[in-house]
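*Asks:* Have a look at the structure that comes next, please.
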Amino acid sequence: MKKVISLLLVSIISIGLFATKHNHTDEYEVRYVKVKSELNKQYQEQLRNTQLWQNFNYNNPGWFVIFNEENQLPHRAFGEPIYTNDLISFLATNNFSLPNDLRLKSEIKNDKHTNKSYVQYYNNLEVIGSNLYAKFSQNNELIAFGLDVYNDINLSIIPTISEQNIISFATTNITNNITNVVVSDDLKVLAIPTYRKYDYRLIYEIKFSTKIEEGPANYTCYVDAHTGELLMRKNSVMYEAPPSGTSTVSGDVYTTNPYDPAVNEKFVDLKAIDQNTNNNYYTDNNGEVVLPSNIGTQIRYKLEGLYANVETNGVTPDIYQNLTANGSVFFTNSNSTIQERTAYWAVNEVHTHLKNIFPTFTGLDSPLETNIDESGSCNAFFDGSSINFYAEGGGCNATAKIPDVVYHEYGHAINSGRYNSGSGMWNGAMNEGFADIWALSLTNSPILGAGWDLVDPTISVRRYDQDRKVYPQDLVGEVHADGEIIAGAFWDTYLNLNDMNQMLDLFKYTYDSGVDGADGLEGTIFTDILLEVLYADDNDANLTNGTPNDAAIVSAFALHGITLLSNAVISHNPVSVAAGNTAINISASVGITYPWALGSA
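For the sequence shown, counting from 1, position 82 maps to 82 in the numbering used here; every step adds exactly one.
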């Protein structure tokens, strides 16, 4: 619906928002994105006024656009549904210049939309960062598209540096032992954003493993195949800065943090092994397992189950106990540590949480290796196949004692396995922020990692009830700190809606969106996420007439500096003459089709 607002412009109020900074950095990280991804409002208006967009908008009224300022094409265009059975022809008919070789990368369908992504190839080489994106309604109507593609690549695809020599460039300044070096057989083209254009490089992709101060590191590197310049070195390890006889299996665990008393909890989905037959059985949701074995049969119970396998130094805690008609099995300090028990319980809690949101996803329906008391202190990490928690030391508790730290690390596993149908999540800040949301939404608390410190119970890892992180002033280039911006937006969406399940119902649709990007592009990525959340809330495939909860969503994201351009047009009658020393009131009419964020007009 058309909305017109008349305003009396009398003053400007400046609101100061302050946030703490996170100081953790990866000493070997290299990023190829050097420019800030903040939109220039004047340049956006200039691009909207080009003949290309004006013609499109004339033929398709009611559409909005956020331009890619480096290629001057729509990064996100969205509006009233348009039926088309040929996306590429539709775009070409509307005079959008497209590269010749576009290949379908993914087509993801859910109960609201179909999301398609195409990747560009140049002389048969993949162009990293390219993405032709399209969102369709269930009626096959185009409701959004994006053209992050490149029409001006002019690059030799013959490398001048050998694969053997390229390894030394990838590993420059690494002093620790380097293992598992792999150079990809396929060269690629990397599009590096600069000021209103792209710099194109032919690159090798190299992967290797090493150690950093925090622990293990698995790096992916991009090295210029012509110059040897190291363009990117990214760590995929995500650090943090679960007769027959019946047995009931339980143990004392920390359900909140180590400063609260331990609670006896039933251990669900835990493995029980008949030592005579070697058959496996598993406890139910009440921690009970019915074993069709003779009374007196020896049963082995392990802190391993359907969804978690807890190990300390490669050993899984276990108990051998003879079967009774109605027995109880207790994991205690005599056969396990409280951090082992807490981690087992917590993994099962967050797995259940995952299944409540994504009931058909089976990618984590197998025992996730959960390593306890790893060498080091004050951290935890997900390495792509396991979650790992450090021992007590350095003034910190054993991190497996803190359930929401377990939830967070498991969140990385969800991001890796479920995001974009299992293609994973590339942007580090989004990965950290989304992992926080998995934890916060389960605890229903804005505080993550309470109990981290051995002495001071008030110290936590992060909290979302004070010092909001705001884009762009709080974007510091550290993934945990930058992730607080997007996580805070979802937390405040929950507060505005006053319904965690409703917030999660919006959050889950972002996992099919295709939104992602290199570290350093958070401004663009966070805006894309806001747009996807609005589409998740929408009920008629048309954002231009609003969504049921748009005010709650837009205001929550705006608290963190994440806004959409409103395409506002301001009209007023100028005051050419006025008496001296008197106030001048200026009346203005602001025409807004849909005022997402007047402050960003």
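The C-beta atom is built at its ideal place from N, Cα and C for all residues, glycine as well.
Looking only at C-alpha atoms, which of A217, C221, E213 sits nearest to K207?
*Replies:* Numbered from its first residue, the sequence shown carries residue 207 at position 207. Answer by Cα proximity: C221.
*Asks:* Do Y282 and G305 count as a contact pair if the criterion is CB distance below 8 Å?
*Replies:* Taking the sequence shown and counting its residues from 1, the one referred to as residue 305 is at position 305. Taking the sequence shown and counting its residues from 1, the one referred to as residue 282 is at position 282. Yes, Cβ-Cβ distance for G305 and Y282 is below 8 Å.
*Asks:* Please work out which residues of its chain come closer than 8 Å, Cβ to Cβ, to P367, disregarding the five sequence neighbours upstream and downstream, and give them in chain order.
*Replies:* Position 367 of the sequence shown, counted from the start, is the residue given in the question as residue 367. Excluding sequence neighbours, P367 sits near E304, G305, L306, Y307, A308, N309.
*Asks:* Comparing alpha-carbon positions, which option in L504, E478, V405 lies nearest S441?
*Replies:* Reading the sequence shown from its first residue, position 441 is the one you call residue 441. Closest by alpha carbon: L504.
*Asks:* Relative to the alpha-carbon of G451, which residue among Q466, T399, N501 has its alpha-carbon at the smallest distance?
*Replies:* To locate residue 451, count along the sequence shown from 1; it is residue 451. Here the closest residue by C-alpha is T399.
*Asks:* How about Y410 and V461: are their beta carbons less than 8 Å apart?
*Replies:* Locating residue 410 in the sequence shown gives position 410, counting from the first residue. Locating residue 461 in the sequence shown gives position 461, counting from the first residue. Cβ atoms of Y410 and V461: not closer than 8 Å.
*Asks:* Which same chain residues, not among the five before or five after V149, have their C-beta less than 6 Å away from its C-beta?
*Replies:* Locating residue 149 in the sequence shown gives position 149, counting from the first residue. For V149, where only same-chain residues beyond five positions count, the Cβ hits under 6 Å are P99, Q120, S130, L132.
*Asks:* Over what stretch of residues does the alpha helix (DSSP H) that includes Q42 continue unbroken?
*Replies:* Working through the sequence shown from its first residue, we reach residue 42 at position 42. Per DSSP, Q42 belongs to the alpha helix (DSSP H) from 41-48.
*Asks:* For the stretch 459-473 against the stretch 506-513, do three or more pairs of beta-carbon atoms, one drawn from each stretch, fall closer than 8 Å, so that the two count as touching?
*Replies:* no
*Asks:* Within 10 angstroms of the Cβ of N356, are there 16 or more other Cβ atoms? Answer buried if so, exposed if not.
*Replies:* Reading the sequence shown from its first residue, position 356 is the one you call residue 356. N356 comes out exposed.
*Asks:* Taking DSSP as the reference, what is the three-state secondary structure of H75?
*Replies:* Locating residue 75 in the sequence shown gives position 75, where the first residue counts as 1. Strand at H75.
*Asks:* What residue range does the alpha helix (DSSP H) around K355 cover?
*Replies:* Position 355 of the sequence shown holds residue 355. Residues 338-357.
*Asks:* Between which two residues does the beta strand (DSSP E) containing Q321 stretch?
*Replies:* Reading the sequence shown from its first residue, position 321 is the one you call residue 321. Element bounds for Q321: 318-322.
*Asks:* Starting from D505, follow the alpha helix (DSSP H) in both directions and report where the run begins and ends.
*Replies:* Mapped onto the sequence shown, residue 505 falls at position 505. Per DSSP, D505 belongs to the alpha helix (DSSP H) from 500-507.
*Asks:* If you pair each beta-carbon of the stretch 256-269 with each one of the stretch 208-219, do three or more pairs fall below 8 Å?
*Replies:* They do not touch, by the three-pair rule.
*Asks:* Could you say which of A518, A583, V577 lies nearest to K36 if we only look at CA atoms?
*Replies:* Position 36 of the sequence shown, counted from the first residue, corresponds to residue 36. Nearest C-alpha to K36: A518.
*Asks:* Taking the beta strand (DSSP E) that V290 falls in, what are its first and last residues?
*Replies:* Mapped onto the sequence shown, residue 290 falls at position 290. Run containing V290: 288-291, per the beta strand (DSSP E) assignment.
*Asks:* Out of A272, G287, V237, N278, point me to the one whose CA is closest to T248's CA.
*Replies:* As a working mapping, residue 248 is identified with position 248 in the sequence shown. Measuring from the Cα of T248, the nearest candidate turns out to be G287.
*Asks:* What do you reckon, are the CB atoms on N326 and T246 nearer than 8 Å?
*Replies:* As a position in the sequence shown, residue 326 is number 326, starting the count at 1. As a position in the sequence shown, residue 246 is number 246, starting the count at 1. Cβ atoms of N326 and T246: closer than 8 Å.
*Asks:* Considering Cα atoms alone, identify which of A144, N176, N420 is closest to E107.
*Replies:* Counting from one through the sequence shown, the residue named residue 107 turns up at place 107. Relative to E107, the option among A144, N176, N420 whose CA is nearest is N420.
*Asks:* Can you tell me which of the three DSSP states N431 falls into?
*Replies:* Looking up residue 431 in the sequence shown gives position 431. It is helical.
*Asks:* Sorted by chain position, which residues of the same chain lie with C-beta nearer than 6 Å to A144's C-beta, five sequence neighbours on each side aside?
*Replies:* Walking along the sequence shown from the start, residue 144 turns up at place 144. Only F78, K135 meet the Cβ criterion.
*Asks:* Could you tell me whether the stretch 153-170 touches the stretch 72-87, where touching means 3 or more Cβ pairs closer than 8 Å?
*Replies:* The answer is no - the stretch 72-87 does not touch the stretch 153-170, with fewer than three Cβ pairs under 8 Å.
*Asks:* Would you check if the distance between the CB atom of C396 and the CB atom of S377 is smaller than 8 Å?
*Replies:* By one-based count along the sequence shown, residue 396 stands at place 396. By one-based count along the sequence shown, residue 377 stands at place 377. Closer than 8 Å, so yes.
*Asks:* If you reduce the DSSP assignment to three classes, tell me which class I459 lands in.
*Replies:* Within the sequence shown, the letter at position 459 stands for residue 459. It is coil, neither helix nor strand.
*Asks:* At a Cβ threshold of 8 Å, is D512 touching chain B?
*Replies:* In the structure shown, chain B cannot be found, because there is only a single protein chain.
*Asks:* Ignore the nearest five residues each way along the sequence and tell me which others in S97's own chain have a CB closer than 7 Å to its CB.
*Replies:* As a working mapping, residue 97 is identified with position 97 in the sequence shown. Closer than 7 Å at Cβ, skipping near neighbours: N151.
*Asks:* Which residue marks the beginning of the beta strand (DSSP E) containing Y122, and which one marks its end?
*Replies:* Walking along the sequence shown from the start, residue 122 turns up at place 122. That run of the beta strand (DSSP E) goes 114-122.
*Asks:* Between which residues of its own chain and N115 is the CB-CB distance below 7 Å, once the five residues before and five after are set aside?
*Replies:* If you number the sequence shown from 1, residue 115 lands on position 115. Hits under 7 Å: I108, K135, D512, S513, G514.
*Asks:* For a test of the three-state rule: what should DSSP assign to V515, helix, strand or coil?
*Replies:* For the purposes of this step, residue 515 is taken as the residue at position 515 of the sequence shown. Of the three classes helix, strand and coil, the one that applies to V515 here is coil, per DSSP.
*Asks:* Taking all protein chains shown into account, do 16 or more other C-beta atoms lie within 10 angstroms of the C-beta of D474, making it buried, or fewer, making it exposed?
*Replies:* The count along the sequence shown starts at 1 and reaches residue 474 at position 474. By the neighbour-count rule (16 or more Cβ atoms within 10 Å), D474 is buried.
*Asks:* What are the start and end residues of each continuous beta strand (DSSP E) run of 3 or more residues lying completely inside the stretch 143-216, in chain order?
*Replies:* 179-183, 188-194, 197-211
*Asks:* With a floor of 3 residues, list each beta strand (DSSP E) that falls wholly inside the stretch 376-409, ordered by position along the chain.
*Replies:* 380-382, 386-391
*Asks:* Please state whether the Cβ-Cβ distance between L142 and L52 is less than 8 Å.
*Replies:* In the sequence shown, counting from the first residue as 1, residue 142 sits at position 142. In the sequence shown, counting from the first residue as 1, residue 52 sits at position 52. Not a contact, by the Cβ cut-off of 8 Å.
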